[in-house]
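As structure tokens, the structure follows; a few thoughts come after it.
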Amino acid sequence: MSLSGSRPRWLTFDCYGTLIQWDEGLQAAVRELLAAKQADHVSPERLIQVYDHHEHALEQTPPHRSFREVAGQGLQMALRELGLPVGDGDMASLAKRISAMPPFPEVVTTLARLKAAGWRLCIVSNTDDDIIAGNVVQLGGHIDRVITAQQAGAYKPNRRLFDHAHEALGVTKDEVLHICASPHLDHAAARDIGFRCVWIDRGTGRRLLPDYAPDATLPTLAGVPELLAAAGW
């Protein structure tokens, strides 16, 4: 697959799973949580599965709440469903771990290459400003804008987050290229809005939506500069 059309004015990125090591960081946080609760009978994978279910449902349930609140409620619901005790500091610990999750090894170098080539870079993420701040600090100062669900009052895959982002950047859907790792969240919005999209398929087992194909697919962020150059951009 290859890119076509006019050169975008902005590159937008999903954060967690695309730039930041979400799966790896969440597994580490959950292992630590289960060890503190001496819950050897519950696997980290099972807790994450139940947590993800509740978190995503809460994100799409009115009224809009902060990610910290959504994640906290989702974690509490997951712990109770699995018969585990709920601690007062559980969510604070999780938020701290999310904020400290590092980038993938190739990310900072690739962002530097994109900036050197004249690209403007923006993150569009399902999170709160204060949580993502710790992650952005680790990205080498290459990010020009950060747009969050907190700012938009909506979570992906709701198109309102991307509509807000495009308005904030002063662009149309044809003037951005979105780069992401999540078919369920980002591809659904790309399908509904019609903006161009590159999928970073890191081999996590996530599958494409049955009714959408990204404009291009790469295994890591490292190939993005060459992909853009090949498009004549």
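Residue numbers (the numbering used here): 227 to 459.
Heads up, the beta-carbon is just placed ideally off N, CA and C, and yes, glycines get one too.
In chain order, what residues of the same chain lie with their CB nearer than 7 Å to the CB of residue i, ignoring the 5 residues before and after it?
i: Gly243; result: Asp249, Ala407, Ser408
i: Leu252; result: Ile274
i: Lys382; result: Asn352, Leu411, Asp412, Ala415
i: Asp418; result: Arg385
Hey, would you say residue i sits closer than 8 Å to residue j, going by beta carbons?
i: Val276; j: Leu308; result: yes
i: Leu237; j: Ile405; result: yes
i: Gln377; j: Phe293; result: no
i: Ser230; j: Ala391; result: no
i: Leu284; j: Val296; result: yes
Where do the N-terminal and C-terminal ends of the alpha helix (DSSP H) with residue i fall, by residue?
i: Arg432; result: Segment: none, Arg432 is in no alpha helix (DSSP H) and carries neither H nor E.
i: Thr335; result: 333 to 342
i: Phe388; result: 385 to 395
i: His280; result: 270 to 285
i: Phe293; result: 293 to 307
By Cβ distance, which residues of its chain are closer than 8 Å to residue i, with the 5 residues on each side in sequence left out?
i: Gln247; result: Met327, Pro328, Pro329, Phe330
i: His368; result: Val334, Leu337, Ala338, Leu340, Lys341, Leu347
i: Leu444; result: Val424, Trp425, Ile426, Asp427, Val450, Leu453
i: Ala442; result: Met227, Ser228, Leu229, Val424, Trp425, Leu453
Whole-angstrom Cβ separation of residue i and residue j, contact assumed at under 8 Å?
i: Pro451; j: Ala343; result: 6 Å
i: Val350; j: Leu387; result: 7 Å
Identify, in the order they occur along the chain, each residue of the same chain with its Cβ nearer than 6 Å to the Cβ of residue i, setting aside the five sequence neighbours on each side.
i: Arg371; result: Cys348
i: Gly420; result: Lys399
i: Gly300; result: Tyr277, His280, Glu281, Leu284
Terminal residues of the continuous beta strand (DSSP E) containing residue i?
i: Ala359; result: Looking at the DSSP string, Ala359 is not in any beta strand (DSSP E); the run it does join, the alpha helix (DSSP H), is 355 to 362.
Check whether the stretch 428 to 435 and the stretch 306 to 323 touch, using three or more Cβ-Cβ pairs below 8 Å as the test.
Between the stretch 428 to 435 and the stretch 306 to 323 there are fewer than three C-beta pairs closer than 8 Å, too few to call the two in contact.
Inter-stretch contact at 8 Å, needing at least 3 Cβ pairs: the stretch 395 to 414 / the stretch 355 to 368:
no
Three-pair Cβ contact test at 8 Å for the stretch 286 to 296 versus the stretch 254 to 268
no
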